[in-house]
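**Student:** The structure under discussion is supplied below as structure tokens; questions concerning it will follow.
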Amino acid sequence: MTAAAPTWDPAQYLRHAGHRARPFTDLLARVPDLPGDRPRIADLGCGPGNVTALLAERWPGARITGYDNSAEMLDKAHVEHEGPTPGGGSLDFSHADVRTWTPGEPYDLIVSNATLQWVPDHVERFGAWVEGLRPGGTFAFQVPGNFDAPSHRLMRDLAPRYGLTDTLRHDDAVLAPRDYLARLADLGCTTDVWETTYVHLLTGEDPVLDWVKGTGLRPVLTALADDPEARDALLAEYREALRAAYPPGAHGTPFPFRRIFAVARKEA
Ligand SMILES: C[S@@+](CC[C@H](N)C(=O)[O-])C[C@H]1O[C@@H](n2cnc3c(N)ncnc32)[C@H](O)[C@@H]1O
178 MTAAAPTWDP AQYLRHAGHR ARPFTDLLAR VPDLPGDRPR IADLGCGPGN
228 VTALLAERWP GARITGYDNS AEMLDKAHVE HEGPTPGGGS LDFSHADVRT
278 WTPGEPYDLI VSNATLQWVP DHVERFGAWV EGLRPGGTFA FQVPGNFDAP
328 SHRLMRDLAP RYGLTDTLRH DDAVLAPRDY LARLADLGCT TDVWETTYVH
378 LLTGEDPVLD WVKGTGLRPV LTALADDPEA RDALLAEYRE ALRAAYPPGA
428 HGTPFPFRRI FAVARKEA
């Protein structure tokens with residue numbers, strides 16, 4: 178069975194919202210001042226909009242649009258976060274496919290958090306996005322770099338046994354940090370690329386399974402949506418394997434998670 182676009186579950190995704198937002202705040206901390214007084218900002222793959230809203234804290238007067246192609250995520254974002262912001266800016270959300278999205282006006286910042294791994298060949302879009310920045314504007318993104326971690330290796334090993342041969346794309350999901358750096362520097366940007374491995378301390382029962390049910394496992398859950406028996410059997414096997422790979426400690430379950438960051442500033 179091959180991959181269809183996964184369906185998203187905002188409530189499941191937001192169960193680990195605090196841990197998931199941390200890389201976004203670390204990314205924003207490295208974004209330099211933006212050229213416009215009331216910056217125009219795009220958030221590509223904005224999900225339920227909770228991290229998009231953090232942009233308004235850093236740039237209170239900004240006009241910010243979050244783009245996503247999941248109706249479920251956009252509904253949540255519209256209800257929870259759309260409208261004028263306290264600093265005189267605005268926050269809105271719009272349907273767009275990041276594979277084809279092109280800036281329709283000059284942007285001060287194009288940002289993307291934990292999304293580009295879902296977009297094949299995303300580096301091929303970098304040229305159009307940098308071109309759509311104002312001089313001195315920034316393109317910044319964060320992607321997971323954990324496809325060799327047990328959480329992902331185990332799901333990759335299990336999936337074919339349930340007929341899911343082409344459901345998980347991991348090998349080519351993201352580039353090595355040095356390759357991102359080279360691509361962005363080739364576009365004439367001043368580029369800052371780094372990686373961090375967070376050790377999230379998770380609580381509750383089977384917390385790693387609970388985490389991946391909100392993200393990496395979405396393609397599997399989507400593909401088996403009409404076959405609950407197979408889905409439950411896969412989940413039972415996967416749960417056992419995750420328990421062995423991520424045993425709980427005295428303070429919770431440590432979950433190491435590598436992430437890759439890039440901040441590219443267009444020449445002023
Ligand atoms: C892991 S979530 C990240 C959400 C948010 N950026 C955050 O940091 O919490 C990935 C998001 O990317 C969106 N996405 C995946 N592929 C996309 C595409 N081709 N076009 C637009 N959005 C996409 C999904 O719908 C989902 O909301």
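Just so you know, the numbering used here puts 295 at position 118 of the sequence shown, and the rest follows in order with no gaps. Backbone N, C-alpha and C define an ideal beta-carbon position, used for all residues, glycine too.
1) In chain order, what are the residue ranges of uninterrupted alpha helix (DSSP H) at least 4 long that sit wholly in the segment 268-351?
2) List the endpoints of the continuous beta strand (DSSP E) containing Gly243.
3) Would you kindly check if the distance between the Cβ of Phe318 and the Cβ of His377 is under 7 Å?
4) Going by alpha carbons, who is nearest to Asn246 out of Gly265, Gly381, Ala206, Thr277?
5) Alpha carbon to alpha carbon, how far is Pro425 from Leu394?
6) Pull the bridge partners of Gly393 from the DSSP assignment, please.
7) Below 6 Å, is the gap between the Cβ of Trp371 and the nearest heavy atom of ligand 1?
8) What first and last residue would you give for the alpha helix (DSSP H) that runs through Ala248?
9) Helix, strand or coil: how does DSSP classify Thr179 here?
10) Can you tell me which of Asn323, Val307, His329, Thr430 puts its alpha carbon nearest to the alpha carbon of Pro396?
11) Starting from the Cα of Arg416, find the closest Cα among Leu293, Val351, Lys390 and give me that residue.
12) At which residues does the beta strand (DSSP E) containing Pro216 begin and terminate?
13) Since I believe Leu345 is in contact with Met332 (beta carbons under 8 Å), could you give me their beta-carbon distance rounded to a whole number of angstroms?
14) Rounded to whole angstroms, what's the CA-CA distance from Leu361 to Ala439? Just pull it up for me.
15) Within this structure, are the beta carbons of Thr229 and Gly243 separated by less than 7 Å?
16) Along the chain, where does the beta strand (DSSP E) that runs through Leu378 open and close?
17) Taking 8 Å as the limit between beta carbons, can you name the residues of its chain near Phe270, skipping five residues before and five after?
18) Below 6 Å, is the gap between the Cβ of Asn323 and the nearest heavy atom of ligand 1?
19) For Arg207, does the three-state DSSP call read helix, strand or coil?
20) Who are the near neighbours of Leu204 in its chain, counting only those whose CB is closer than 6 Å to its CB and skipping five residues on each side?
21) Alpha carbon to alpha carbon, what distance is there between Leu386 and Tyr339?
22) Provide the residue(s) that pair with Ala439 in DSSP beta bridges, ordered along the chain.
23) Indicate the three-state DSSP secondary structure (helix, strand or coil) for Thr430 in the structure shown.
24) Take Leu221 as the anchor and find which of Thr292, Gly322, Tyr284 has the nearest alpha-carbon.
**Tutor:** Well, looking at it:
1) 303-308, 327-335
2) Residue mapping note: residue 243 aligns to position 66 of the sequence shown, counting from 1. Taken as a continuous stretch (DSSP letters only), the beta strand (DSSP E) holding Gly243 covers 240-245.
3) What you label residue 377 is simply residue 200 of the sequence shown in a count that begins at 1. What you label residue 318 is simply residue 141 of the sequence shown in a count that begins at 1. Not in contact: His377 and Phe318 (Cβ atoms no closer than 7 Å).
4) Position 69 of the sequence shown, counted from the start, is the residue given in the question as residue 246. Comparing Cα positions, the closest option is Thr277.
5) Taking the sequence shown and counting its residues from 1, the one referred to as residue 425 is at position 248. Taking the sequence shown and counting its residues from 1, the one referred to as residue 394 is at position 217. In a straight line, the C-alpha of Pro425 is about 21 Å away from that of Leu394.
6) Along the sequence shown, read from residue 1 onward, the residue named residue 393 stands at position 216. Partner(s): none; Gly393 has no beta bridge.
7) Start at 1 with the first residue of the sequence shown, and residue 371 comes out as number 194. Not so, every heavy atom of ligand 1 lies at least 6 Å from the Cβ.
8) Taking the sequence shown and counting its residues from 1, the one referred to as residue 248 is at position 71. Per DSSP, Ala248 belongs to the alpha helix (DSSP H) from 248-258.
9) Within the sequence shown, numbered from 1, the residue matching residue 179 stands at position 2. Low local confidence applies: a pLDDT of 42 at Thr179 is under 50, so the model's placement there is unreliable, with the coordinate-based value given in what follows. Of the three classes helix, strand and coil, the one that applies to Thr179 here is strand, per DSSP.
10) One-based indexing of the sequence shown puts residue 396 at position 219. Comparing Cα positions, the closest option is His329.
11) Sequence index remark: in the sequence shown, residue 416 carries index 239 (1-based). For the residues Leu293, Val351, Lys390, the minimum Cα distance to Arg416 belongs to Lys390.
12) Locating residue 216 in the sequence shown gives position 39, where the first residue counts as 1. Pro216 -> no beta strand (DSSP E), and no H or E assigned at all.
13) Mapped onto the sequence shown, residue 332 falls at position 155. Mapped onto the sequence shown, residue 345 falls at position 168. Sure, about 6 Å apart at Cβ, within 8 Å.
14) Reading the sequence shown from its first residue, position 184 is the one you call residue 361. Reading the sequence shown from its first residue, position 262 is the one you call residue 439. Those two C-alpha atoms are separated by around 9 Å.
15) Sequence index remark: in the sequence shown, residue 229 carries index 52 (1-based). Sequence index remark: in the sequence shown, residue 243 carries index 66 (1-based). In contact: Thr229 and Gly243 (Cβ atoms closer than 7 Å).
16) If you number the sequence shown from 1, residue 378 lands on position 201. Per DSSP, Leu378 belongs to the beta strand (DSSP E) from 367-379.
17) In the sequence shown, residue 270 corresponds to position 93, counting from 1. Correct list, in chain order: Cys223, Gly226, Thr229, Thr242, Gly243, Tyr244, Asp245, Leu251, Ala254, His255, His258, Glu259.
18) The count along the sequence shown starts at 1 and reaches residue 323 at position 146. Every heavy atom of ligand 1 is 6 Å or more from the Cβ of Asn323, so no.
19) As a first step, residue 207 must be located in the sequence shown, where it is residue number 30. Arg207: coil per DSSP, three-state reduction.
20) In the sequence shown, the residue the question calls residue 204 occupies position 27. Only Ala317, Gln319, Phe438 meet the Cβ criterion.
21) The residue labelled residue 339 in the question sits at position 162 within the sequence shown. The residue labelled residue 386 in the question sits at position 209 within the sequence shown. About 18 Å.
22) Translated into positions along the sequence shown, residue 439 becomes position 262. According to DSSP, which records beta bridges pairwise, Ala439 is partnered with Phe318, Val370.
23) Your numbering for residue 430 matches position 253 in the sequence shown. Correct three-state label for Thr430: strand.
24) For the purposes of this step, residue 221 is taken as the residue at position 44 of the sequence shown. Comparing Cα positions, the closest option is Thr292.
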